[in-house]
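Shown next, in structure tokens, is the structure this report addresses.
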Amino acid sequence: MIYDFFYNLTGSQILAYVIGSLLPLFIFILPFALVAVLLERKVSAHMQDRLGPMRVGFHGILQTVADILKLIQKEDIVASPNDKPLFNLAPVLVFAGSYTAFAAIPFTSAFIGSNIDLGIIFIIAITGLVVAGILMAGWASNNKYTLLGAMRSAAQIISYEIPTILVVLTLIMITGTASLNKLSEMQSGHFWNWMILGGPGLSLTKFLFIPFMIIGFVIIYISTLAEVNRTPFDIPEAESELVSGYHTEYSGMKFAMFFLAEYANMFAVSAIVVALFFGGYQSPVGYLGNTFHLPWLIPIEQFFWFTFKGVFFVVVQMWLRWTLPRLRVDQLMAVCWKYLIPIAFVNLLIVGLITVL
Amino acid sequence: MAADIENKTTTNEKLKTEEMILNMGPQHPSTHGVLRLELQLEGELIVNVKPHIGYLHRCFEKHAEAMTYPQVIPYTDRMDYLASMYNEFGYAVAVEKLLDIKVPERVEYIRVIMGELQRIASHLVALGTYGADIGAVTPFLFCFRDREKILSLFEMTCGARLLYNYIWVGGVSHDLHHDFLRLTKDFVDYFRPKIKELNDLLSFNKIFIERTANVGILPLDTAINYGITGPMLRASGMKWDLRKDDPYSIYDKFDFDIPVGDGRMGTVGDSWDRYFVRVLEMEQSLRIIEQAIAQIPEGDVTSAIPKRIKPVVGQVYSRVEGPRGELGYFIISNGTVNPFRVKVRAPSFVNLAVINELCKGHLVADVITVLGSIDIVLGDVDR
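Going line by line, the protein sequences match chains A and B.
So the first sequence is residues 2 to 358, counted in my numbering.
So the second sequence is residues 72 to 454, counted in my numbering.
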């Protein structure tokens, strides 16, 4: 979609590709990471009776900018026993994995990097690249803690992809499409058309779907939490056990890339949840642009609603992080294999039955 | 859980695998200071844990030989730096026993109030860092927020927040600030609901219980064989508290209970019990403080301080119930102003010895859980 727009604008395929692929980075991911890091610090601070950063700018709003400047200036340390090519490649791979996911996320009906039909499957597949990056980082650092962290992380991400995919399959079965854009379009209108409330239309099956949709949402939210290594599933970077897991040995901008990837990922998984269950970019109460006959206002509103919903779930992730302790690695696997996957399977079967009926 | 893992290890024995040695510490975020644990791992399972201590050794006992009796007090502060008041308390009680002097009633009450406030402060650090070890950062900051209030009370009394030099042989250095009792009362009223808050947030959290219950079980006979004391021993089910069983100072005048571990969430003597005994003890300390505030008499606090401490030749062993267990002072006097020997029985040192028994067969993550539940202070271990 973006590509078509810029192709028409510039008339050059290459320019259209370059602009189209860089646009989400500069207009969304970097600003979002800046805001999210600050938000995380402020949310945690206020939950803990503290003030958080207060010195740089008004109430510390420039703190993350200062931190980024600091990280850019830092010496890039590569310890001599490290496997240099892998060590340097790992952060790029991790960031690329989480960044590419944004290609198929529909911010508005027009602003979508690549409107492919298998959007959601593509996102799940491409985030698998992150595992390779993490394993590389853990191995190349030549440190026992990073190695343990990387092994745990790989095991965790791979395991939790299964319940995610099962829930996604449930939705694909109902809607008959794997394109996030089409999924979002289907949920247009008001909030009672969202998938969490059984999807569009007014039929008996819609009401039958509701409890199973809620179960599906809970499962996918828990498993996406695990996929982005957030508490209570932050075992790979459990700072009290493994110092900080696979990125212990990284400094400067390479560390910042891991950090950026983490926050980009947080939004990416929230965006998936929003697009699947909460109407994507659709407004819950109708568009002002329709009311006042201003068609150009609608994409802006859509962008606002999508970001709002996404950030809401990011804040919920932060809330959980600063409330819950962390599970142990075997308990984490038990949650996935003993609870989430069987429940997701049963959910899939029941929804399938309802669909057939 | 532990049995589960042991079964797995036996089935894996046919595969020839290599054991990994992992050094945890001395620069590790969760060793509570500069402890180095040498972990022998099979995968992530613990085969052996070997604590290496001594990174914070400051020759307390050698220093004490060169000091006069009152000069030793600041050094005792620096042993268990989270419970300085109690270290002074124990030392003062020991030297007074050696000198055979009686301190004024008001001094005893002040010491008890300070001691119990210090116990709460120390337990708050233990519980907070324990939560942080398991990944819950917020309770940690809540605990430190409340500890801050206790430190402010101490600061108001003697000007210092960590190392007080307040309890002297035969008395205390200053009388209480005129607002102290009122503010302490306020603190007690403020703090009671905060214990409930901590319980809601952490103690009865499902994940927290999963992580700590049935982990690092310490059976009572093992505990006694290793000489474990304090909350750790009580968590294993023994009602042993020197404040009741060998009363010193004026503890026999107060009405309080001794909480013991009951295995409510798993087995008696598991990490959760050790954690929760401390929570319950804070409540009992509040009770003691309330009674002490109500009963404290007026009087002079410095009248019994001897001008020159020169005990006759002899020796004394005196013990008090510190926040971490039995804190014993063995002092030998050769009739001069300097003690011939001051040997400290540090609870952290003795309690740490059992870590190998507790960790065997658990995962790496459980080492942190167990270590946190032992609640060591490296200053106390190494001295």
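Even for Gly, the Cβ is constructed at its ideal location relative to N, Cα and C.
Would you call H245/B buried or exposed, if buried means 16 or more other Cβ atoms sit within 10 Å of its Cβ? Burial call: exposed.
Using the three-state DSSP reduction, which class does M95/B fall into: helix, strand or coil? strand
Would you say M336/B reaches chain A, if we count a Cβ-Cβ gap shorter than 8 Å as a contact? No, no contact with chain A.
For E90/B, does the count of other Cβ atoms within 10 angstroms reach 16, so buried, or fall short, so exposed? exposed
Since G287/A and P296/A should fall inside the 8 Å C-beta cutoff, what is the C-beta to C-beta distance between them, to a whole number of angstroms? Not really, about 14 Å apart at Cβ, beyond 8 Å.
Return the CA-CA distance between M72/B and G443/B, expressed in angstroms with no decimal places. Caution applies to M72/B, whose pLDDT of 44 falls short of 50 and renders its modelled position unreliable; the model cannot decide the point.
Decide if L350/A is buried, meaning its Cβ has at least 16 other Cβ atoms within 10 Å, or exposed. Answer is exposed; the Cβ neighbour count stays below 16.
Given S271/A, which residues of its chain have a CB within under 6 Å of its CB, disregarding the five upstream and five downstream residues? G311, F314, V315
Please report the Cβ distance between G298/B and V331/B, rounded to the nearest whole angstrom; I am assuming they are in contact, meaning their Cβ atoms lie under 8 Å. About 18 Å; that fails the 8 Å criterion.
Can you check whether the C-beta of M48/A is within less than 8 Å of a C-beta belonging to chain B? yes
From L298/A to I197/A, what does the alpha carbon distance come to, in whole angstroms? 26 Å
Which first and last residues belong to the alpha helix (DSSP H) in which F33/A is found? 31 to 48
Determine the DSSP secondary structure at Q366/B, reduced to helix, strand or coil. helix
Using 10 angstroms around the beta-carbon of K339/A, count the other beta-carbons present and answer buried if the total reaches 16, otherwise exposed. exposed
Tell me, please, which residues DSSP counts as bridged to P410/B. S404/B
Taking the straight line between their C-alpha atoms, what separation do you get for V275/A and E115/B? 37 Å
Which residues does DSSP list as the beta-bridge partners of W239/B? G242/B
DSSP state of L87/A, grouped into three classes? helix
So for Y133/B, helix, strand or coil by DSSP? Rather than Tyr, the amino acid found at residue 133/B in this sequence is Lys. The answer is helix: DSSP assigns K133/B an H, G or I state.
Does the beta carbon of V330/A come closer than 8 Å to any beta carbon on chain B? yes
What residue from L72/A, N348/A, T324/A, V336/A has the CA that sits closest to V44/A's CA? T324/A
DSSP three-state label for V438/B, please. helix
Measuring alpha carbon to alpha carbon, tell me which of L247/B, V196/B, D250/B, D204/B ends up nearest D233/B. A small correction: the amino acid at residue 233/B is Leu; Asp does not occupy that position in the sequence shown. Ranking the options by Cα distance to L233/B, first place goes to V196/B.
Apart from the five residues on each side of it in sequence, which residues of its chain come closer than 7 Å, Cβ to Cβ, to V413/B? Within the same chain, V413/B has close Cβ partners E132, A135, V143, Y400, I402.
Excluding the 5 residues flanking K220/B on each side, which residues of the same chain have their C-beta closer than 6 Å to its C-beta? F258
Counting along the chain, where does the alpha helix (DSSP H) carrying E263/A start and finish? Run containing E263/A: 253 to 278, per the alpha helix (DSSP H) assignment.
Going along the chain, which residues of its own chain have a beta-carbon closer than 6 Å to the beta-carbon of G125/B, five neighbours each way excluded? Hits under 6 Å: D453.
Run down chain B in chain order and give the residues with a C-beta less than 7 Å from the C-beta of W323/A. V208, T209
Suppose contacts are defined by Cβ-Cβ distances below 8 Å. Is L273/B in contact with A207/B by that definition? yes
Between A137/B and F215/B, what straight-line distance do the alpha-carbon atoms span, to the nearest angstrom? 36 Å
Beta-carbon proximity check, L110/B vs V438/B, cutoff 8 Å: yes
Given a cut-off of 8 Å on the beta-carbon distance, is the pair P92/A and A138/A in contact? Yes.
Does any CB atom of chain B fall closer than 8 Å to the CB of D118/A? no
In whole angstroms, what is the alpha-carbon distance linking F29/A and G450/B? 50 Å
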